[in-house]
Amino acid sequence: MSGMNQKRYRQIRIVIIFFMAMILSIAIGIDSYLLAMISIITGIMFSVIVKSRAKIRVDEREMAIREKAANLTYAIFAPTIGLGAALLILIPDTKDSFYLEALGTVLAYLSLFLIALYAISYSFLNKKYGGSNSDEK
6 MSGMNQKRYR
16 QIRIVIIFFM
26 AMILSIAIGI
36 DSYLLAMISI
46 ITGIMFSVIV
56 KSRAKIRVDE
66 REMAIREKAA
76 NLTYAIFAPT
86 IGLGAALLIL
96 IPDTKDSFYL
106 EALGTVLAYL
116 SLFLIALYAI
126 SYSFLNKKYG
136 GSNSDEK
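Going by the numbering used here, the sequence shown opens with residue 6, and the numbers climb by one from there.
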């Protein structure tokens, strides 16, 4: 398996997903949620093992596209979830607004977590790849 290419990796991944779906459908059909959880965990483990053995080459262009896509996703998602949280929290008091306020609070915490995670990962990667500590140009 040392010479596994992209095509072979995709084929093995499809087989793993197929078996996971089959076992999940059987498990749900017989109301065995423990079997469902075990099949998910086993499928994830097999996927990780196969991926670690696969030698998938990624070129610089694809890496640049991934970076830009991740930055654009963050730039859109973080403000959207933050504004949505603020709107849900600021809805006028009515008897049914408790659930909306709770949802807004959860979204606000998720937004803060997302921003903190981005800041921590940016700081870590900046140090790892030799970035400077100051923002001088």
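Ideal Cβ placement from N, Cα and C applies to all residues, glycine included.
Bounds of any alpha helix (DSSP H) do not take in Y134, whose DSSP letter is neither H nor E. DSSP places T99 in no alpha helix (DSSP H); its state is neither H nor E. In this model, E65 and A113 are separated by some 36 Å (Cα to Cα). Per the C-alpha coordinates, the member of L119, S37 and Y123 positioned closest to G87 is L119. Minimum Cα-Cα distance from G48 among the listed residues A69, L93, I28 and Y38 corresponds to I28. I35: not part of any alpha helix (DSSP H); DSSP gives it neither H nor E.
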